[in-house]
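Enquirer: Numbering follows full-length UniProt numbering, with no gaps: position 110 of the sequence shown is 110.
Before I ask anything, here is the structure I am working with.
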Amino acid sequence: MVKSLLDEATAGRQEKLVMAGAANLVLTEDDFSGNLFPVLEAIEEQVTLLRLFGEMRAGDVDVVASIGRENESFGLAQTSVLASRYTASGGEIARLGVLGPTRMDYSSNMAAVRAVARYLSGLLGEH
C-alpha cells in the first residue's frame with residue numbers, strides 16, 4: 001500500500017473522492033443485514049473506496065460492476081459498486097459510481113451511471 005501511495009505521489013496524480021447520498025443507504029433496513037458499519041466506515045475512510053475504484057478497470061465497457069463477495073477484501077461483501085469512466089478537465093480519466101446493496105436495481109443504476117458519465121465527459125470536454 002505504501003508503494004502504491006508513493007507511486008501516485010510521484011506521478012503527480014491527485015485522487016479525490018466526492019460523495020453524495022450516503023443517507024440513502026439506510027432507507028431499507030433489510031439491505032445490509034443489520035450491519036451497515038463496514039459500509040459507512042469505508043465511505044468515511046475513502047482510501048478503501050479509492051482502492052476499489054482503482055481495481056475496477058472498465059476497459060472498453062461503459063459500466064463495470066463489482067458485486068458482493070468481489071468486494072469482501074474491502075470489507076464490503078454486502079455491497080455492489082457500479083462504476084464508469086468519464087473525461088475530466090485536461091483530458092484526464094476520472095470515475096464515478098454508485099454504491100448500494102447487492103439487491104439494487106442494476107439496470108436502472110447502470111443506465112444512470114452511464115448517462116451521468118457521458119454528460120460529464122461532454123460538459124467537461126467543452127472547457
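Ideal placement from N, C-alpha and C gives every residue a C-beta, glycine not left out.
#1: Around the C-beta of Arg-85, are 16 or more other C-beta atoms found within 10 angstroms, so that it is buried, or is it exposed?
#2: How far does the alpha helix (DSSP H) with Ser-108 in it extend, from its first residue to its last?
#3: Under the rule that 16 or more other beta-carbon atoms within 10 Å means buried, what is Phe-53, buried or exposed?
#4: Could you give the first and the last residue of the continuous alpha helix (DSSP H) run that contains Ala-65?
#5: Residues in the same chain with beta-carbon distance under 7 Å from Arg-118, minus the five sequence neighbours each way, listed in chain order, please.
Expert: Quick look at the numbers:
#1: Residue numbering aside, residue 85 sits at position 85 when the sequence shown is read from its first letter. Under this definition Arg-85 is a buried residue.
#2: Residue numbering aside, residue 108 sits at position 108 when the sequence shown is read from its first letter. It spans 106-125 - the alpha helix (DSSP H) in which Ser-108 sits, taken as one unbroken run.
#3: One-based indexing of the sequence shown puts residue 53 at position 53. Buried, because 16 or more other Cβ atoms sit within 10 Å of the Cβ of Phe-53.
#4: For the purposes of this step, residue 65 is identified with residue 65 of the sequence shown, where counting begins at 1. Unbroken run through Ala-65 is the beta strand (DSSP E), 64-67; no alpha helix (DSSP H).
#5: By one-based count along the sequence shown, residue 118 stands at place 118. Here the set comprises nothing.
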